[in-house]
Amino acid sequence: MSFLSKPSGDGTYRIKVLDKDSYVECIAASTEWLQLNPLDKTKDAQKWKLTPVRGKSDVYTITSISDNSGLRYVRTDQTYWGYGYPSPQRSTDSLNWVIRQRTEGAKSFSKIWLDGPDRSCYFDSNGDGTYQPATGPHAVNFYYEKSKIADAPNQCFVFDKIPDAPTGGTALDVVFLQDITGSQQPYIAKARDEISNILLTLVKSGKVVENKLRANVVVFRDHPPQDSLVTDVMGFTSDLSKVSTYLGDKAPTGGGDGPEAQCDALTAALSAEWSAGAAKVVILITDSPPHGIGEPGDGFPDGCPKNNDPVVITDTFCDRGIVLYVISCELGMEQYKKATEFYTGIAQKTGGAILPLGDVDHIVNLVEGSLAEAVSIFSLAVAYKQNIASLGSDVDSVAQKLHSQFSQAEVQVETLHIDDYYERSSESQKQIALWAQRGKTLADLRTSTKAVPGPRVKASFKWGGQPGASLIKQDITLEQTKTVVRMALTTKG
1 MSFLSKPSGD
11 GTYRIKVLDK
21 DSYVECIAAS
31 TEWLQLNPLD
41 KTKDAQKWKL
51 TPVRGKSDVY
61 TITSISDNSG
71 LRYVRTDQTY
81 WGYGYPSPQR
91 STDSLNWVIR
101 QRTEGAKSFS
111 KIWLDGPDRS
121 CYFDSNGDGT
131 YQPATGPHAV
141 NFYYEKSKIA
151 DAPNQCFVFD
161 KIPDAPTGGT
171 ALDVVFLQDI
181 TGSQQPYIAK
191 ARDEISNILL
201 TLVKSGKVVE
211 NKLRANVVVF
221 RDHPPQDSLV
231 TDVMGFTSDL
241 SKVSTYLGDK
251 APTGGGDGPE
261 AQCDALTAAL
271 SAEWSAGAAK
281 VVILITDSPP
291 HGIGEPGDGF
301 PDGCPKNNDP
311 VVITDTFCDR
321 GIVLYVISCE
331 LGMEQYKKAT
341 EFYTGIAQKT
351 GGAILPLGDV
361 DHIVNLVEGS
371 LAEAVSIFSL
381 AVAYKQNIAS
391 LGSDVDSVAQ
401 KLHSQFSQAE
411 VQVETLHIDD
421 YYERSSESQK
431 QIALWAQRGK
441 TLADLRTSTK
451 AVPGPRVKAS
461 FKWGGQPGAS
471 LIKQDITLEQ
481 TKTVVRMALT
491 TKG
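Mapping of the sequence shown onto the UniProt record's numbering: residues 1 to 493, in sequence order.
Structural data, given as structure tokens:
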């Protein structure tokens, strides 16, 4: 587990003795005091609200989460050698406490003492039960500062920041990219009939705030001479009935060489007028790859005629905290050599996934589950935004630190789990990893990737059928934590 050597700002923390399973705990008694006890994650008494004091450096108020007691102190001739002890007192405001980092060798930690000129008010635990509070060897008392860890190990503290509980629903912007070539008729009809209900379900569940939910649709076919319509954009709206009306006006037709204008649709999504404080999700529904990934018979083998590069575009999705899910209409996608690995890679790069659709009736589960997952992750980004900002701007580095904190706090997120549908060989995983790279172009990856031999879809689904899908609450993964960090760093408000 990873601990902070000092508080990272306003928030809730456990305060731990360096190198010991000893946590500062509020003891509710007639004479309130602090005790060092082993970790108990069920106890609010081991959680403390630390609030920076404005205008002062490294100075905080300290308040117990369990009963809102402000930390003050007691000093009489009966206290430890007259030094006294910190005392959480109900219905009172905390005094100011200095929490300042120290370093000895490779170890960093903090000392805690009462703000002011008195230097004999350091947190310590000297293990003498003779004096008040007469509580045995684990009571926290005041003492003067010792300079070495070995001389006063109970004066050295580290901090475990506890994620704030997500509050209420969140704002959500979602863009549906709908292929409207001839093969997509049943999917267009299902999307037209169900998308509004799916989005309203998220509102009714409390996950999304009704007046902060917006939907947008981009339909696409292909470039001339294959088709005359490349893309058409509805625009964001809070009136969900407009989604059904818009899709109802689009006739599925065309499609010739296999690959279509997905690159242009992704570009249109990127250019949309996203809300600065909303979860941002793109859902692409298609049964074919874009131009230029290396498929035989591609009418534009070098890529989009307008030079819209899906590898570069999805890099920008990452930079802006936009998550991409690809609903892969099967068995249409199965006929292509590189499409499955391509879509899996670029979606995973953004924090999303490829979602196999073998039965059109199950599109509801996939859309609802993917949005619920994205909203759950975004809620953490909002709740933890301040702490993330204090940890730096490098996504991978911050995510490592944050995931350690999440793991210790047993943070969970709603995750869309889909049973195995695709064959995932080591070669397939290698190709996915190549497509998921950042800082590349489509031209780079077209030459460095290759087709994976053999079928993509498992034999049990060769004649149709849909893998099981369920929304489960599970421990947050490192990859999901990276998405939390990207969202937090790019979300305003």
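Virtual Cβ for every residue (Gly too), placed ideally from N, Cα, C.
When the Cα atoms are used, PRO52 and LYS16 turn out to be separated by approximately 19 Å. As DSSP reads the structure, PHE176 sits in a beta bridge with VAL217 and ILE283.
For TRP33, the uninterrupted beta strand (DSSP E) segment begins and ends at 33-37. Around the beta carbon of ASP475, fewer than 16 other beta carbons sit within 10 angstroms, so the residue counts as exposed. The alpha-carbon separation between GLN431 and VAL413 amounts to approximately 28 Å.
According to the DSSP assignment, PRO356 belongs to no alpha helix (DSSP H) but to the beta strand (DSSP E) extending over 353-357.
If you draw a straight line from the Cα of ASP239 to the Cα of TRP48, it comes to about 44 Å.
Cβ-Cβ distances below 6 Å link GLN405 to LYS161 in the same chain, with the five nearest sequence neighbours on each side left out; the list follows chain order. Our two residues, VAL323 and GLY70, have alpha carbons roughly 42 Å apart in a direct line. Per DSSP, reduced to three states, the secondary structure at GLN184 is helical.
Our two residues, LEU199 and LYS242, have alpha carbons roughly 13 Å apart in a direct line. DSSP lists ARG14 as the bridge partner or partners of ASP160. Under DSSP, TRP113 shares a beta bridge with VAL98 and TYR122. Sorting SER428, SER271 and PRO356 by C-alpha distance to the C-alpha of ARG320 places SER271 at the top.
The Cβ neighbour count for ALA28, taken over all protein chains shown within 10 Å, is under 16; the residue is labelled exposed. Beta-bridge pairing by DSSP links LYS107 to GLU104. Under the DSSP definition of a beta bridge, VAL326 partners with LEU284 and ILE354. In chain order, VAL219 place their CB closer than 6 Å to the CB of ASP232, counting only its own chain and leaving out the 5 sequence neighbours on each side.
Counting along the chain, GLU25 sits inside the beta strand (DSSP E) bounded by residues 23-27. For ASP298, the CB contacts under 8 Å within the same chain, skipping 5 residues up- and downstream, are ASP257, GLY258, PRO259, HIS291 and GLY292 in chain order.
Counting the other Cβ atoms within 10 Å of the Cβ of LYS401 gives 16 or more, which makes it buried. Across the set THR490, LYS190, HIS223 and ASP193, the C-alpha of THR490 shows the shortest separation from the C-alpha of VAL395.
Contact between the stretch 429-443 and the stretch 346-355 is established, with three or more Cβ pairs separated by less than 8 Å. C-alpha of SER370 to C-alpha of THR170: approximately 15 Å in a straight line.
GLU32 sits buried, since 16 or more C-beta atoms from the chains shown fall within 10 Å of its C-beta.
Around the C-beta of THR481, 16 or more other C-beta atoms lie within 10 Å, and the residue is accordingly described as buried. In the three-state reduction of the DSSP assignment, TRP435 falls in the helix class, which pools H, G and I.
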